[in-house]
Amino acid sequence: MLAAVTMVYNEPEFIPLWIKYYGEQVGKENCYIVDNGSNDGSLDPYRHEVNVIRVPREYKDNQQRTKFLSEFCSSLLNYFSHVIHVDIDEFIVANPARYQGLKDYTANWVKNRKSVTAIGLNVTQLPSEEDTIDFSKPVLSQRSYVRFVSPMCKPCIIAKPITWSPGFHGSTHETVFDDIYMFHMRYFDLQYGLTRLDRTRNMKWKSEKDGQHQRVEDETWKKWFVSFEKFLKKGLFYSDGSINETLATYLDQLREGSSIDSTGRTKPPMLTPNTLFEIPESFKKLV
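Using the working numbering, the letters of the sequence shown map in sequence onto residues 2 to 288.
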């Protein structure tokens, strides 16, 4: 059996998308949303559809959040063979050329493998080519490009208890890549991003050092999208039965550059090449 877990605070746009996608992948009865003090009512319509667990909130505390979710997801392995953990704007996809979905993927799990690290892809809007997102339609059908970024290469499907590092970028498990792709919906829309930035800038944070990239000024955000337009385009990230050569090189660099920190958790290097890959048509209706 397979479960999916996320933690949220006031995410009215992404909650229905997350429930729809992961509900189809694992069954809504196996979806767990940890509500970290939401006060906008965005979860109210779904409390009888999925498992909602409310925990108190004083401020955004990444250390506390990581510790809780490491222990919670590990404990679910008493009831499930595999557990997915993602943020509310993260959608992991098993390569449709090889698998019918995430349940099919975990049914063919490699024996004794502790976890799988997703290939991290930021869905990236080019405003000169693409319209503002319509949340009523599949997101990937409205976007053409992704950017490989190592921070989104997260160990997100586990079969053994795990301790993640803050941000869920590293863990006590070795880094193992496979045909699992993480589509991160942060840079997928310039205008929506401005709305979300306003929300995160007004949140209480335990540490001013945490989440700086989630609290930039509007002008900085807009400049990033101008820069995206200048990135090199390297073709489809997957085609003809194999991963793009350039993307494969990035994954090799990530494996070779990973280290172990003082807590015994993996510490991946920072790789954020200024290149874009096209999204294959076979992926476009999945999310």
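Ideal Cβ positions, reconstructed from N, Cα and C, are used throughout, including at glycine. It should be emphasised that the depicted structure is a prediction, and the values quoted were computed from it without experimental measurement.
Need the endpoints of the alpha helix (DSSP H) that residue i sits in, please.
i      : result
CYS154 : It is not in any alpha helix (DSSP H) - CYS154 carries neither H nor E in the DSSP assignment.
HIS259 : The sequence shown places Ser at residue 259, not His. Where SER259 is concerned, there is no enclosing alpha helix (DSSP H), given that its DSSP letter is neither H nor E.
VAL217 : VAL217 -> no alpha helix (DSSP H), and no H or E assigned at all.
GLU72  : 63 to 77
VAL27  : 15 to 27
In three-state terms, what does DSSP make of residue i?
i      : result
HIS49  : coil
SER39  : coil
ALA108 : helix
ALA249 : helix
LYS231 : coil
SER283 : helix
SER142 : helix
ARG114 : coil
ARG197 : helix
ARG55  : strand
GLY121 : strand
LEU191 : helix
LYS268 : strand
GLU30  : helix
LEU127 : coil
Given a cut-off of 9 Å, decide if residue j and residue i are closer than it, judged by their beta-carbon atoms.
i      : j      : result
TYR10  : GLY28  : no
ASN1   : ILE34  : As displayed, the chain neither begins before 2 nor continues past 288, which places residue 1 out of reach and without an answer.
THR125 : LEU277 : yes
LEU103 : VAL111 : no
ILE89  : TRP19  : yes
LYS286 : SER142 : yes
HIS86  : MET2   : no
LYS178 : PRO274 : Reading off the sequence shown, one finds Phe at residue 178, where the question assumed Lys. Going by C-beta atoms, PHE178 is not nearer than 9 Å to PRO274.
PRO156 : THR176 : yes
LEU78  : LYS161 : yes
ALA4   : PHE69  : no
TYR188 : THR133 : no
Please determine, among the options, the residue with the shortest C-alpha to C-alpha distance to residue i.
i      : options                           : result
GLU257 : ARG99, GLY265, MET271 and GLU246  : MET271
SER260 : VAL111, SER172 and LEU195         : SER172
GLN65  : THR107, MET8 and PHE149           : MET8
PRO281 : GLY265, ARG266 and VAL147         : VAL147
TYR182 : GLU30, ASP262 and ALA98           : ALA98
GLU12  : ARG200, VAL227 and TYR100         : ARG200
LYS234 : TYR106, ASN245, ASP105 and ASP241 : ASN245
VAL6   : GLU72, LEU198, ARG197 and SER43   : GLU72
SER228 : ASP180, THR196 and LEU127         : LEU127
THR221 : LEU195, ASP241 and SER240         : LEU195
ASN40  : THR107, MET204 and PHE184         : MET204
ARG266 : TYR60, ARG48 and PRO167           : PRO167
GLY121 : PHE169, ILE163, ASN113 and THR133 : PHE169
TYR59  : ARG197, ASP36 and GLU14           : According to the sequence displayed, residue 59 carries Glu and not Tyr. Taking only the C-alpha atoms, the option nearest GLU59 is ASP36.
VAL140 : HIS185, CYS154, ALA119 and ASN96  : HIS185
GLY42  : TYR239, GLU14, LYS21 and GLU25    : GLU14
Is the shortest distance between the beta-carbon of residue i and the beta-carbons of chain D less than 9 Å?
i      : result
HIS214 : As a matter of chain content, chain D is missing from the structure shown, which is built from one protein chain.
Can you tell me whether residue i is buried or exposed? The criterion is at least 16 other CB atoms within 10 Å of its CB, across all chains shown.
i      : result
VAL190 : First, the residue type needs correcting, since residue 190 is Asp and not Val in the sequence shown. Burial call: buried.
PHE92  : buried
ILE16  : buried
ILE54  : exposed
ASN31  : buried
LYS231 : exposed
ARG48  : exposed
What residue range does the beta strand (DSSP E) around residue i cover?
i      : result
THR7   : 3 to 9
GLU12  : That residue, GLU12, is in no beta strand (DSSP E); it is neither H nor E in DSSP.
ALA98  : Unbroken run through ALA98: none, as it is neither H nor E.
PHE238 : It is not in any beta strand (DSSP E) - PHE238 carries neither H nor E in the DSSP assignment.
HIS185 : 178 to 185
VAL84  : 83 to 86
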